[in-house]
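Read the sequence shown against our numbering and you will find it ends at 560, with the numbers running on by one and no gaps. Ideal Cβ placement from N, Cα and C applies to all residues, glycine included. Here is the structure we will look at, set down as structure tokens.
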Amino acid sequence: MLQPNDLDSHHNLMIKITVGGLILLTTLAFNCSFSWAWENPPESGTNQTLPDQSGHKQAQQATGGEKHTDQQVQTDPQIHDAAGVKTESQEHGVHESAEGYEIPPLWAVLPFAALLLCIAILPLLKKTEHWWEHNRNRLFISLLLSVLVILYYWLIHPGVVDHETKQLVSGFVAVNQVLEHAILFEYIPFIVLLFSLYVISGGIRLQGDLPAHPRTNTAFLAVGAAIASFIGTTGAAMLLIRPLLHTNSERKYVMHTVIFFIFLVCNIGGSLLPIGDPPLFLGYLRGVPFPWTFNLWPQWLSTVLILLVIYYIWDSIAYRKEAIRDLKRDEIQIQKLKLRGKINFLWLLGVVLSVAFLIPEKPFLYNIFPDKNLPVVPDFLREIMQLLFVAFSLMSTPTGIRKENKFNYVAIGEVAALFIGIFITMQVPIEILHQKGPDMGLDVPWKFFWITGSLSSFLDNAPTYVVFFETATTLGGPDQVARVAQELLVAISLGAVFMGANTYIGNGPNFMVKSIAEQSGIKMPSFFGYMIYSIGILIPIFILLTVVQNYVLGRWMIF
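This is the structure in structure tokens:
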């Protein structure tokens, strides 16, 4: 495991790895752009067309050409989705139209289920908890189960539907199509974004020791909930957890503060942008427009305010229980807050703008000027720019800042190791859901909210979001975004993000914060002990949220 004191020797290595990633993605971008240009030479006197990443073509407005409306872009599977990535309906084609297509059997879902169970159970078993700590072992399990899925598509699956010909393809061609979608167009954008936010935010250090009054701690939580959507829940958690613990180092009753930090900063705070929480970014990759998640602000704000009020009352009671000598020491040992590594906020802004405006196979600044005939964004340019900002961060930030932050690459390595397996193995359940989704009895928002949230509590919330997002695409309905009725999309998004806070394993930062708190000498509750807090605090709030939206307002899309 990489230790913080190894950071100097690994700093140049990470710069080389980042630059290597840039070279690789640049090569991929050039190859994709060259291949498209070779196969689709422009013809004079006709409308030029742009392929989406699954090979579909969208007519672009030329002189006298046809212009697509925003509604068409959102609902027509032959037109680009909002994120510039092919959707699952494009990936697998229309199953009903291909003669001989068969739905995968349920047993083919076992590798996906086994991987999620490994993530949930192996860290809790005494015989495997230390073995599971090493990323090489996580990667071994992840790739082993991925190989089983690859073998299934290669040797057993009767054939997936080619998204261009609508004909069945099998064997190596089917494997290539599945992996192209899972790795190139989902895993790489996903992991590059998380890596960028993680590394850049690791170069920002907030240090100081304020009086640990309830209002101080409440302010910490409020700030964390506010910025989590803009630098990611992982970035916000890593930025604030250590100064918060240092501020409370003289106090005895601190456990509840860490628990509410997990609720607010590691989960619920990241609801407003796709970069805030992994499930929302996967929705963005499936066509949800970048600013759409701001529609969740009423639920985000109301839930955050309720939790902050509860926390302030709770911490005020706990503060009065502290020993007088500890409170006096807390008042004496004061150090003003100091922010270092401020240049990294510029690099974080660059990442956010890259995700928002560099949409592959769409014109530059398409979100702002959809009717302008601007140059087309090449594949992977978005990821190249994000890695450039990472390189700028590594080169412009003194290594001492990351060393003081006890920064290392273990946590992001864990995400990379596990999610490559998740993205590959989840192709089978997604394919099944496209056919069986309407038969699951999920037909109203509150059902999606609770089933998505319940599974997000015990499984990772990102793949859980994908599963029920794809289920919702089969139901149709009015007012669609990325082929999902907006009210269902609100419910799925809220369930995945909010209820990721119900357990330590619901979202990646939860365990990271728990580990940092324990290293600071705070005794954290066990897995089920933590659930007593989440069930007692969060579940009543979620029930209230359901009742208000379902019965008082009568809708989930509030504005």
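Residue 507 carries a coil assignment under DSSP once its states are collapsed to helix, strand and coil. Residue 316 has its alpha-carbon roughly 8 Å from the corresponding atom of residue 257. Closest in alpha carbon position to residue 233, among 140, 420, 266, is 266. Annotation for residue 322: the continuous alpha helix (DSSP H) segment containing it runs 298 to 322. It is roughly 30 Å from the alpha-carbon of residue 493 to the alpha-carbon of residue 411. Using a Cβ-Cβ distance cut-off of 8 Å, the region 106 to 119 and the region 138 to 154 are in contact, since at least three pairs of beta carbons, one from each stretch, lie closer than that value. Rounded to the nearest whole angstrom, the C-alpha separation of residue 282 and residue 191 is 7 Å. For residue 271, same chain residues with a beta-carbon under 6 Å away, outside a window of 5 residues either side, are 229, 230, 234, 277, 278 in chain order. Contact between the region 349 to 359 and the region 375 to 395 is present, with at least three C-beta pairs closer than 8 Å. Residue state for residue 163 is assigned as coil, using DSSP reduced to three classes. Between the region 326 to 346 and the region 196 to 212 there are three or more inter-stretch CB-CB distances shorter than 8 Å, so the stretches are counted as touching.
When the five nearest sequence neighbours on each side are left out, the beta carbons in the same chain lying within less than 8 Å of the beta carbon of residue 430 are those of 110, 113, 468, in order along the chain. Nearest in C-alpha terms to residue 434, of all of 454, 475, 268, 187, is 475.
By the criterion of at least three beta-carbon pairs nearer than 8 Å, the region 170 to 184 is not in contact with the region 448 to 468.
In the three-state reduction of the DSSP assignment, residue 377 falls in the strand class.
Assigned with DSSP and collapsed to three states, residue 334 falls in coil, not helix or strand.
Collapsing the DSSP output to three states places residue 209 in a strand.
For the set 378, 495, 506, 163, the Cα lying nearest the Cα of residue 298 is the one of 495. By the criterion of a C-beta distance shorter than 7 Å, residue 521 is surrounded in its chain by 246, once the five residues flanking it on both sides are discounted. Taking C-beta atoms as the reference points, residue 240 and residue 202 count as a pair closer than 8 Å. If you check the CB distance, residue 372 and residue 252 do not come in under 8 Å. Put simply, the backbone Cα of residue 514 is about 8 Å away from that of residue 259. Around the beta-carbon of residue 324, fewer than 16 other beta-carbon atoms lie within 10 Å, marking it exposed. Note that the C-beta distance between residue 183 and residue 428 is below 8 Å. Membership of residue 384 in the alpha helix (DSSP H) is indicated by the continuous run 382 to 397. Cα atoms of residue 301 and residue 123: separation of roughly 33 Å, rounded to the nearest angstrom. Taking the CA atoms as reference points, residue 438 sits about 43 Å from residue 392. Counting only the Cα atoms, residue 415 lies some 20 Å from residue 404.
Looking at the DSSP output, residue 150 sits in no beta bridge, so it has no partner there. Scanning its chain for C-beta atoms nearer than 7 Å, with the 5 sequence neighbours on each side dropped, one finds around residue 206 the residues 341, 342, 402, 405, 406, in chain order. Within 10 angstroms of the beta-carbon of residue 108 lie fewer than 16 other beta-carbons, which makes it exposed.
Ranked by how close their Cα comes to the Cα of residue 418, the residues 121, 131, 135, 140 have 140 in first place. The shortest C-alpha to C-alpha distance from residue 102 to any of 136, 554, 158, 286 is the one to 158. In the three-state reduction of the DSSP assignment, residue 481 falls in the strand class, which pools E and B. Residue environment analysis places residue 527 among the exposed positions, since fewer than 16 neighbouring C-beta atoms fall within 10 angstroms of its C-beta. For residue 482, the closest of 285, 517, 346, 126 by C-alpha to C-alpha distance is 285.
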